[in-house]
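This is the structure in C-alpha cells:
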C-alpha cells in the first residue's frame with residue numbers, strides 16, 4: 001500500500017514535471033536543430049591564424065611589455081579566464097591574459113573532474129519551479145556536449161550508478177534521471193537505464209548488498225580538469241593571445257574620460273613574479289575572472305564595493321583503484337547531512353567527494369581531517385562489509401574553493417546554484433563571477449559579449465562552439481598504437497600520453513630518452529607505478545611550467561593521485577627542470593622545499609603525519625606488544641632502543657637480500673617521526689598500532705620487517721614498492 005501511494009504520488013509530481021520539461025525541451029531541441037549549422041559555422045568562421053609553435057613565456061612577457069594597447073586584458077588563468085581569452089582572441093580582438101600563479105592553480109584543478117549539468121540542480125528546479133535553475137542545467141548539458149567534442153582526448157562519457165535501497169525511491173529517482181535525459185534532448189550522451197540487484201552487483205561488485213533493491217545508471221562526462229584548463233590557455237596562446245602565468249596584477253590603471261569626466265579602467269600595473277620586474281599593460285577593457293578572488297580585484301577598482309561572492313570549500317580524497325570498477329561511478333544522492341557524494345574512477349584511482357561548507361578565501365586551501373572522515377563514512381555506507389574502508393588508504397586529499405554567487409536570502413551555501421553573473425562597474429571593469437567548470441565557455445561568451453557592448457569594441461559573435469582545443473585535431477582512440485609502434489613506448493605510457501596531449505603526444509615521444517632496455521625502447525618513468533615519463537618534464541617547461549609544483553600537480557597529476565609518489569619523483573623532476581631553466585643549487589633546494597610544503601599542507605600529507613605522531617596512542621594487546629618487540633629486537637641486536645639503516649642492512653645481508661641505501665633511507669624516513677635518522681621502539685609500536693586501526697596502510701618498513709622475520713634463514717625477495725597504502 002505504501003509503495004502504491006509512493007508510486008502514485010511520484011507519478012503525479014513526475015507527470016507534471018515531465019509535461020513542463022517536455023515543453024521546454026521541445027523548444028530547446030527546435031532551437032538546437034536550427035542552430036546546429038550556426039554552431040558548425042562558429043568554429044569555421046575563425047579567421048585568426050593559429051601558430052604552429054607555442055610562443056615561449058619570455059616571448060609572451062615581451063609581447064605584454066611592447067604592445068601599445070590590447071583590446072581585452074583578462075585577469076585570471078582558471079577555466080573561465082582562459083575561456084575569455086580564447087573567446088576574445090578568436091573574434092579578432094587583441095588579447096592578453098595575466099595569472100599570478102600557474103594556469104589552473106586554483107579551483108579549476110581541484111574539481112570533482114565531472115562535466116555535468118547537475119542532477120541535484122534539476123531536482124531543485126522541478127521541486128521549486130525555478131526556471132533559472134532549469135536554464136542553468138540546460139545550458140550546462142549543452143556545454144557538456146560541446147566540451148566532449150572539442151577535447152575528446154581529455155574527456156569521455158562516464159556511466160554513474162545511483163543505488164536504490166528503498167522501493168519507493170525507485171520510481172522517484174527514475175523520473176528524476178529520465179528528466180535529466182529529457183532536458184539534454186538530442187545531446188543526451190546515452191539513455192539512462194535500470195538494473196536489477198544482481199546486475200547492479202555485477203557492474204559494481206563492491207557495492208553494499210543488504211537491502212539493495214535496484215540501481216539506475218545515467219551518463220555524464222569526465223575530464224582531466226587541470227589539463228583541460230591548460231589546453232584552453234595554450235590554444236588561446238597559439239591563436240595569438242599574450243598569456244603569462246606568474247604575472248601578478250598589483251593595481252588597476254585609470255584615466256579620466258574627457259567626455260564624461262569619469263575615471264575609466266585602462267590597464268594594470270603588474271609584476272613578473274619570477275624576475276620581480278614591474279611594468280604596465282594597457283587595454284581598452286579589463287576583465288576580472290579571478291574566481292574566489294573576484295572581490296579582491298573589484299576592490300582595486302572601488303574599495304567600497306560590496307562582496308558578491310560567497311566562497312564554499314569542497315574537499316575530495318583519492319583512494320586506490322580497487323575501491324571502484326574501472327568504468328562505473330557511484331552517486332550518493334542523500335548523505336547523512338543532505339549533501340551529494342560522488343565516488344568515481346579517475347586516472348586508474350578512485351576519487352570521492354565533495355563536501356560543501358562556507359570558508360575564507362585563500363590561495364592555499366587545506367583539507368581537514370573532519371571532511372576526510374565525513375567522506376570516508378559516506379563511502380562506507382555504500383560499500384560491502386567485505387571491503388574495509390581504511391583511513392590509511394587515502395592517497396591524496398585536497399580542498400577547492402567554489403566561487404558561488406551570493407543569494408542574500410540564503411544562509412546555507414548548498415541552496416546556492418552556480419549561476420554566473422556578469423557585472424560592469426562605473427569605471428568599466430568587467431567582472432564574471434560564479435558559474436561552474438562545465439559552463440566556462442558560455443560564461444566566457446557572455447563576458448566578451450558584455451565587454452564588446454560596454455567598450456564599443458569591434459568584433460563579431462563568438463567562434464568557440466566546436467572550436468577544437470590543442471591536441472584534439474588529429475587525435476583518435478587508436479593514436480596510442482602508433483606511439484607504441486613508432487617509438488617503442490610501453491602501451492600504458494602511450495595511452496597516457498595520447499589521453500593527455502592528444503596529437504601533441506608525438507612531440508613528447510620524440511624527446512623521450514632511450515631506456516637502454518630491450519623494452520620499452522624509450523620512456524623512463526618518473527615513478528614505477530605511474531605512466532608519467534621524464535620527457536614530460538622537459539615538455540612541461542615548454543607548456544609554461546616554472547615550478548616543481550606546476551609539474552607534479554598540473555602538467556602531470558601525481559600530487560592529486562598519490563602524494564608519496566609525487567614526493568618520490570621530486571628530486572628527478574627538479575634535476576630535469578633545473579637543466580631546462582638553468583636553476584642554481586640554491587634554487588633547486590628552494591623548489592624542493594616549496595613542493596614538499598605544498599604536498600604537506602594542500603594535498604593531504606599533513607594528515608598522514610597526524611595519524612602517526614609522537615603522542616599517538618598505542619592500543620595493542622600485551623601479546624601483540626611482545627610479538628612486535630621481538631621483531632624489532634631482531635633488527636636491534638645491540639639493544640640500543642632504535643634501529644638505523646645499518647641495522648636493516650645487516651639483517652638483509654644475512655638473508656642475501658640487497659636494497660639500495662637511498663631506498664632504505666626513504667623507507668625509514670616514513671616512520672621516523674622526530675627525523676633523527678633512526679626508528680625508535682616507541683615509533684615502531686605506534687606504527688603497528690596505527691596499522692591495526694586502519695589509520696596507516698602500505699608501510700614499507702612494516703612489510704620489510706615482517707618478511708625478514710618470516711624468512712630469516714631463507715633467500716627471498718623482499719618487496720619495497722608501495723602497496724597502494726596512502727595517507
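In full-length UniProt numbering, the protein residues as written are 1 to 727.
Heads up, the beta-carbon is just placed ideally off N, CA and C, and yes, glycines get one too.
Fair warning: this is a prediction, and the values are worked out from it, not measured in the lab.
What whole-angstrom Cβ distance do residue i and residue j have, given they're in contact under 8 Å?
i: residue 367; j: residue 399; result: 5 Å
i: residue 403; j: residue 291; result: 4 Å
i: residue 265; j: residue 250; result: About 14 Å separates the two Cβ atoms, so there is no contact after all.
i: residue 561; j: residue 530; result: 7 Å
i: residue 405; j: residue 75; result: Rounded, the Cβ-Cβ distance is 18 Å, inconsistent with contact.
i: residue 523; j: residue 511; result: About 10 Å separates the two Cβ atoms, so there is no contact after all.
i: residue 116; j: residue 220; result: 4 Å
i: residue 464; j: residue 87; result: 5 Å
i: residue 692; j: residue 620; result: 7 Å
i: residue 618; j: residue 592; result: The Cβ separation is near 33 Å, so there is no contact.
Excluding five sequence neighbours on each side, which residues of the same chain lie with their C-beta closer than 7 Å to the C-beta of residue i?
i: residue 125; result: 133, 134 and 137
i: residue 209; result: 201 and 384
i: residue 590; result: none
i: residue 606; result: 600
i: residue 85; result: 74, 95, 97, 236, 241 and 243
i: residue 254; result: 263, 264, 265, 266 and 427
i: residue 374; result: 355
Excluding sequence positions up to five away, which residues of its chain have a Cβ less than 8 Å from the Cβ of residue i?
i: residue 122; result: 133, 134, 137, 176, 179, 180 and 183
i: residue 604; result: 317, 367, 372, 394, 396, 397, 398, 563 and 727
i: residue 568; result: 527 and 666
i: residue 409; result: Reliability fails at residue 409, whose pLDDT of 45 lies under 50, so the model's placement of it is uncertain and the value that follows must be treated cautiously. Correct list: empty, nothing qualifies.
i: residue 54; result: 234, 237, 238, 542 and 543
i: residue 284; result: 69, 70, 71, 72, 266, 455 and 457
i: residue 333; result: 119, 120, 162, 173 and 340
i: residue 331; result: 119, 160, 161, 162, 340, 341, 342 and 343
i: residue 498; result: 153, 475, 479, 480, 483 and 505
Count the other C-beta atoms from every protein chain shown that fall within 10 angstroms of the C-beta of residue i, then say buried if there are 16 or more, exposed otherwise.
i: residue 518; result: exposed
i: residue 80; result: buried
i: residue 377; result: exposed
i: residue 490; result: buried
i: residue 658; result: exposed
i: residue 477; result: exposed
i: residue 235; result: buried
i: residue 516; result: exposed
i: residue 211; result: exposed
i: residue 639; result: exposed
i: residue 615; result: At residue 615 the pLDDT is 46, less than 50, meaning the model places this residue with poor confidence; the figure from the coordinates comes in the next sentence. Per the 10 Å Cβ criterion, exposed.
i: residue 661; result: exposed
i: residue 229; result: buried
i: residue 479; result: buried
i: residue 447; result: buried
i: residue 486; result: exposed
i: residue 363; result: exposed
i: residue 105; result: buried
Apart from the five residues just before and just after residue i, which ones in its own chain have a Cβ nearer than 6 Å to its Cβ?
i: residue 387; result: 206
i: residue 452; result: 459
i: residue 361; result: 292 and 311
i: residue 189; result: 157 and 219
i: residue 539; result: 508
i: residue 279; result: 65
What does residue i pair with, by DSSP beta-bridge criteria?
i: residue 402; result: 312
i: residue 199; result: For residue 199, which the question treats as bridged, DSSP gives no partner whatsoever.
i: residue 680; result: 642
i: residue 525; result: 533
i: residue 459; result: DSSP, once it has assigned bridges, lists no residue as partnering residue 459.
i: residue 222; result: 114 and 156
i: residue 70; result: 283
i: residue 53; result: Its beta-bridge partners do not exist; DSSP assigns none.
i: residue 422; result: 432
i: residue 215; result: 163 and 195
i: residue 75; result: 98 and 288
Taking 7 Å as the cut-off, is the C-beta of residue i nearer than that to any heavy atom in the ligand GTP?
i: residue 337; result: Among the components of this structure there are no ligands whatsoever, and the ligand GTP is therefore not found.
If you scan the segment 295 to 324 from start to end, which runs of the beta strand (DSSP E) of 3 or more residues do you find wholly inside it?
309 to 319
Runs of beta strand (DSSP E) wholly within the segment 230 to 301 (minimum 3 residues, chain order):
242 to 244, 247 to 256, 263 to 272 and 278 to 288
Please give me, in chain order, every unbroken run of the alpha helix (DSSP H) with length at least 4 that falls completely inside the segment 153 to 211.
169 to 184 and 197 to 203
May I have a chain-ordered list of the beta strand (DSSP E) segments no shorter than 3 residues that lie completely inside the segment 321 to 399?
329 to 332, 341 to 346 and 349 to 353
Scan the segment 463 to 513 and note each continuous alpha helix (DSSP H) run of 4 residues or more that stays entirely inside, going in chain order.
479 to 487, 491 to 501 and 505 to 510
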